[in-house]
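For reference, the structure is listed below as structure tokens.
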Amino acid sequence: MIKPVILWSDVLIYLLVISVVAFLIQLRKRPQTRERWRSVFTSKVGMVSFVVIAFYVLVALLDSLHYREALPPSGEGEQTTAYSSEVKSVLDVVLHNLHESNEKTYSAPFAIYSFAKENLEADDGSIYRDYPRLEHAGKHLDDPSERTGDILWRTLVALMTGLLIAAVLIGLHKYVLRGSDGDNGIPWKAAYITIAILSMFTCWVIQLSEFYHVMGTNKVGADVMYSSIKAIRTGVLIGTLATMVTLPFAIILGISAGYFKGLVDDIVQYLYTTLSSIPSILLIAASVLLVDVYIETNAEEFNLTILRSDFKFLALCAILGLTSWTTLCRLLRAETLKVSQLEYVQAAHAFGVSHGNIISRHILPNITHIILIALVLDFSMFVLAEALLSYIGVGVDPSMHSWGNMINAARSELSRDPFVWWPVISAFLLMFTLVLAANLFSDEVRNAFDPRTVKEGN
Amino acid sequence: MATYIIRRLLYAIPILIGVNLLTFALFFMVNTPDQMARVQLGEKHVTEADIEQWKAERGYDQPLFINSEAEGMGTLTQTIFFEKSIKLLAFEFGKSDEGRSISADIKERMWPSLAVSIPTFIVGILVNICVALLVVMFRATSFEVAAMALCVMLLSISPVFYVIGGQFFFAKLWALVPISGYLPEEPWRFVLLPVIVGVIAGIGAGTRLYRTVFIEEANKDYIRTARAKGVPELTVLFRHLLPNGMIPVLTSVVVIIPSLFMGSLLVESFFGIPGLGSYTLDAINAQDFAIVRSMVFLGSVLYIIGLLLTDISYTLVDPRVKLS
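If you read the protein sequences in the order shown, they are chains A and B. The opening residue of the first sequence carries number 33 in this note's numbering; numbering runs sequentially from there. The opening residue of the second sequence carries number 30 in this note's numbering; numbering runs sequentially from there.
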């Protein structure tokens with residue numbers, strides 16, 4: 033028996049995904065925008081980075097379905113089932129190999145011996161200090177020297193499985209596409225290769241984690257790969273949710289300032305100059321401290337750890353969004369000023385079209401490209417900001433898996449001797465891939481939608 | 030010009046008042062002094078008397094806006110809002126929650142901050158401009174593609190990793206510079222690594238920005254004319270393109286010059302430099318709101334000065350721009 037746990041952030045991210053899909057379906061009706069999007073996807077870079085981002089979003093979505101398992105009945109005649117206080121997600125089921133095999137403390141990637149020496153008892157009863165064998169990793173090996181061969185063999189099997197899964201997916205896609213007119217310029221091959229690599233990587237991690245810790249273990253012996261994968265949800269959600277918070281402020285205030293001018297313009301300009309004149313990190317830090325105090329004073333409302341960290345997480349998204357809408361607002365104001373001087377807008381005025389209609393029919397479509405470019409750029413900015421804020425100590429809750437929290441721990445880990453490098457490398461690689469993909473994708477979107485780059489003839 | 034500056038300075042006043050109101054609302058109304066005291070004194074086992082004493086020592090025991098017990102102007106001045114917020118406008122920062130004078134701390138800590146931020150700023154701009162020029166020089170070659178790909182990668186790395194990586198390789202593995210710390214007698218030894226890290230961390234974004242500026246400039250008619258006349262490519266770049274391209278570059282960086290004073294939170298705390306950045310960070314971690322409030326105010330003053338300098342710099346570099 034399981035009992036679903038619905039967190040606010042889960043609801044929001046699913047709503048967001050549904051609305052993006054609805055938006056895309058609606059876009060199909062507009063030939064011009066469709067042409068632009070096509071040009072994003074006809075570039076190999078755009079296609080590959082999109083596949084990578086989609087993979088990350090998929091992981092985040094799987095990790096956003098939470099539930100609690102029922103505990104086995106403790107006594108006889110119990111009517112109500114008690115539920116475990118540990119909240120799991122669907123992703124945990126996929127990754128059960130990774131997080132159900134905790135060691136005592138640090139261990140290196142693929143190690144079968146612990147990182148720290150312990151007192152061990154020899155066969156004759158004497159006590160000596162040495163590195164003990166790990167409890168889970170490599171326990172199927174009788175002879176430690178078999179390790180390399182074992183790893184290579186299992187890697188080969190895992191990669192083949194991954195390739196097989198990818199082949200099935202690609203075959204399915206080809207089958208669906210069979211009726212349509214050729215490849216119409218979209219570089220499917222690049223997409224297939226990316227899918228194959230991602231699938232091979234996933235299989236490799238899942239299969240090898242049954243026997244080893246692919247990226248070692250951290251201070252409390254938890255699998256590092258597991259925490260870095262769980263951190264994907266935090267990164268993706270902070271990027272998307274914070275961006276969504278900026279949009280209404282930037283769009284409504286920016287357009288009304290540029291369109292109505294006069295007093296409205298003065299007020300909006302005053303608002304964003306005031307807000308952007310405050311150093312953003314300080315504003316964020318101050319707001320997060322306030323949320324902390326709020327949680328402490330209302331502790332009884334947040335009885336589960338995950339509820340508390342989720343509240344703090346959403347507050348962080350809101351704070352990040354509320355402090356970052358000024359740049360986009362300024363851009364939109366300037367562009368609206370320009371567009372509303374154009375003749376067709378003047379003509380619409382002369383015909384007595386209402387303000388609302390002019391804005392939605394004539395102004396909004398002409399500034400969408402700015403919103404779109406800022407949207408993708410902000411995403412990577414927020415992912416990076418999370419790491420920085422967690423490092424400073426005003427980021428997400430320490431109980432949440434996040435790259436920032438892992439980097440924060442790296443500070444002491446790198447000063448150990450011998451140093452512990454795997455958690456920081458693991459966080460680095462997963463984070464770098466996501467941000468790089470987002471940056472490359474935003475470049476492609478900019479090339480496709482920004483009229484100035486089109487003129488340059490890229 | 031003078032009237033313009035005066036008008037801009039007057040315009041800054043409502044903005045600063047706005048900043049003050051906002052921080053005041055954040056620090057005192059959402060979060061009452063009672064809650065602050067409780068957090069500072071530890072969560073449990075705090076008596077009312079302890080809280081009252083803590084508030085009285087720091088001047089938080091007054092009413093927020095209007096003191097009905099005082100007489101005359103006292104009704105307005107003997108309040109938290111006046112004491113803690115209005116006095117900031119006169120740069121009276123008062124004392125931190127630990128009882129130290131904040132302005133003395135700022136005067137002492139601004140030098141290490143400047144010792145790191147000024148070299149980082151100058152070297153950073155020079156390096157970015159050189160790389161951007163190089164890229165523009167090899168336009169439409171595979172060098173440009175490779176360089177721009179590298180820039181996107183550098184841009185996608187969190188600044189935290191540059192700091193961690195720099196410290197790990199330069200200071201720990203190769204032991205070229207001290208890992209962290211600061212000595213006023215020989216600052217350069219301690220400043221070298223933070224500057225290098227700061228410059229490298231900025232290359233990706235900076236080069237991309239300046240490249241677009243230079244390319245926009247390179248598409249203009251006078252460059253085409255120069256090339257058509259047969260002016261050598263290097264002369265075109267350095268004599269024609271660079272001076273004109275520098276205008277948008279310089280005017281775009283002027284806004285951050287005053288803020289250099291504040292130092293960098295991340296770099297200073299990681300390298301143990303006792304500047305204003307680490308001062309702020311320590312205050313955030315210790316929840317010393319008096320310091321955080323002062324630094325917020327100082328930061329916005331510097332930003333507004335930066336905006337003003339930007340406008341003035343436009344008239345200095347481009348005689349066509351007139352301020353009115």
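We put the beta carbon where it would ideally sit given N, CA and C, even for glycine.
Cβ of residue i within 7 Å of Cβ of residue j?
i      : j      : result
A:S116 : A:R100 : yes
A:D449 : A:S41  : no
B:V346 : B:I276 : yes
B:I313 : B:I131 : no
A:A140 : A:G248 : yes
B:V164 : B:R240 : yes
B:I232 : B:L183 : yes
A:L416 : B:S329 : no
A:T266 : A:V37  : no
A:S146 : A:Y163 : yes
A:S75  : A:F473 : no
A:V277 : A:G353 : yes
A:S309 : B:I34  : no
B:L289 : B:S114 : no
A:D95  : A:L123 : yes
B:L70  : B:D63  : no
B:S185 : A:L468 : yes
Take residue i and list the residues in its own chain whose beta-carbon comes closer than 8 Å to its own, dropping the five residues that flank it on each side.
i      : result
B:I46  : L118
A:V300 : L285, G286, S288, A289, C361, R365
A:T234 : G194
B:V189 : L295
A:T329 : none
A:I218 : R70, F73, T74, M79
A:L346 : W40, S41, L44, L273
Between the alpha carbons of residue i and residue j, how many angstroms are there, rounded?
i      : j      : result
A:A148 : B:P213 : 40 Å
A:L466 : A:A263 : 12 Å
B:T254 : B:H269 : 11 Å
A:I395 : A:V371 : 7 Å
A:V486 : B:E127 : Here the model assigns A:V486 a pLDDT of 47, short of 50, so the residue's position is not dependable, and the following value carries that caveat. About 58 Å.
A:K221 : A:G271 : 29 Å
A:I238 : A:W435 : 20 Å
A:G510 : A:R68  : Missing from the structure shown is residue 510 of chain A; chain A here goes from 33 to 490 and no further.
A:E178 : B:Y191 : 38 Å
A:H128 : A:T65  : 43 Å
B:M166 : A:I405 : 28 Å
B:W140 : B:L327 : 16 Å
A:R186 : A:I197 : 17 Å
A:N335 : B:A66  : 24 Å
B:T344 : A:A223 : 51 Å
A:N45  : A:W236 : The displayed chain sequence assigns Ile, not Asn, to residue 45 of chain A. Approximately 28 Å, taken between the alpha carbons.
A:I34  : A:H168 : 27 Å
Give every residue of the same chain whose Cβ lies closer than 6 Å to the Cβ of residue i, excluding the five residues on either side of it in the sequence, and list them in chain order.
i      : result
B:F318 : F56
A:S260 : S458, A459, L462
B:T236 : N157, V160, A161, C180
B:L310 : L294, S298
A:L369 : G290
A:I338 : V119
A:E150 : P164
A:L97  : S121, V122
Would you grab the beta carbon distance between residue i and residue j for me? Rounded to a whole angstrom, and I think it's under 8 Å.
i      : j      : result
A:S412 : A:A470 : 4 Å
B:G195 : B:L221 : At roughly 10 Å, the Cβ-Cβ gap does not stay under 8 Å, so B:G195 and B:L221 are not in contact.
B:G301 : B:G210 : 5 Å
B:L337 : B:R37  : 5 Å
A:E132 : A:L166 : Wrong, their Cβ atoms sit about 14 Å apart, outside the cutoff.
If you drop the 5 nearest sequence neighbours on each side, which residues of the same chain put their C-beta closer than 7 Å to that of residue i?
i      : result
A:I402 : L363, L364, E367
B:I154 : V282
B:I285 : G335
B:K201 : I208
A:G489 : Only weak support exists for where A:G489 lies, its pLDDT of 40 falling under 50; the value from the coordinates is given anyway. Excluding residues within five positions, none has a Cβ falling inside 7 Å.
A:V84  : T226, T465, A469
Starting from residue i, find everything on chain E with Cβ-Cβ shorter than 9 Å and list it in chain order.
i      : result
A:I424 : No chain E is present in this structure, whose protein chains are A and B.
Practice prompt. Enumerate, from N- to C-terminal direction, the unbroken alpha helix (DSSP H) stretches of 4 or more residues contained entirely within the segment 172-245 of chain B.
Written response: With a minimum length of 4 residues, the unbroken runs of alpha helix (DSSP H) contained wholly in the segment 172-245 of chain B fall at 188-195.
Worksheet entry | Unbroken stretches of the alpha helix (DSSP H), 4 residues or longer, contained in the segment 128-154 of chain B | Qualifying alpha helix (DSSP H) stretches: none in this window.
Worksheet item: Can you give, in chain order, each stretch of the alpha helix (DSSP H) that sits fully within the segment 254-309 of chain A and has at least 4 residues?
Response: Runs of the alpha helix (DSSP H) inside the segment 254-309 of chain A: 256-292, 294-309.
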